[in-house]
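Everything below concerns the one structure shown next.
Numbering (our numbering), first residue to last: 70 to 201.
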């Protein structure tokens, strides 16, 4: 087991393993699901996205509909009164298609590096205030 002392450089992965070994906990129970506002998608994925989990959206090409989908999620968040966090790994989201009322339900984390996006995801999951 690695020793973490002053002056020791360690990897975050090693630190997390050490903490998990020393402070084991039971897995979190399955959470509720959040509606996307798109009934055909909700039916396909079992009622919506899992609450308090990472959902990765990857589009294979430009103009594949990802922006429209994100704006639909914002409308669902506003309607159902929850907040969502968007970790924008390419700093490409354009909020202008949503009104200010919807945008009040969004934490938009703009990243330019993969490491920053992963770090943001880790912090948001630990925080627990963003169900999507």
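C-beta: ideal position from N, C-alpha, C; glycine also.
This structure is a prediction, so every number in the text was calculated from the model and none was measured.
query                                                                                              : result
Per-residue DSSP class, three states only, for residue 156                                         : strand
For residue 119: DSSP bridge partner residues                                                      : 102
Residue of 131, 114 and 163 minimising C-alpha distance to residue 143                             : 163
Cβ pair residue 154, residue 176 closer than 8 Å                                                   : yes
Residue 147 versus residue 171: straight-line alpha-carbon distance, rounded                       : 5 Å
Cutoff 6 Å; reference residue 151; Cβ partners in own chain excluding five residues on either side : 200
Backbone secondary structure at residue 194 - three-state DSSP                                     : helix
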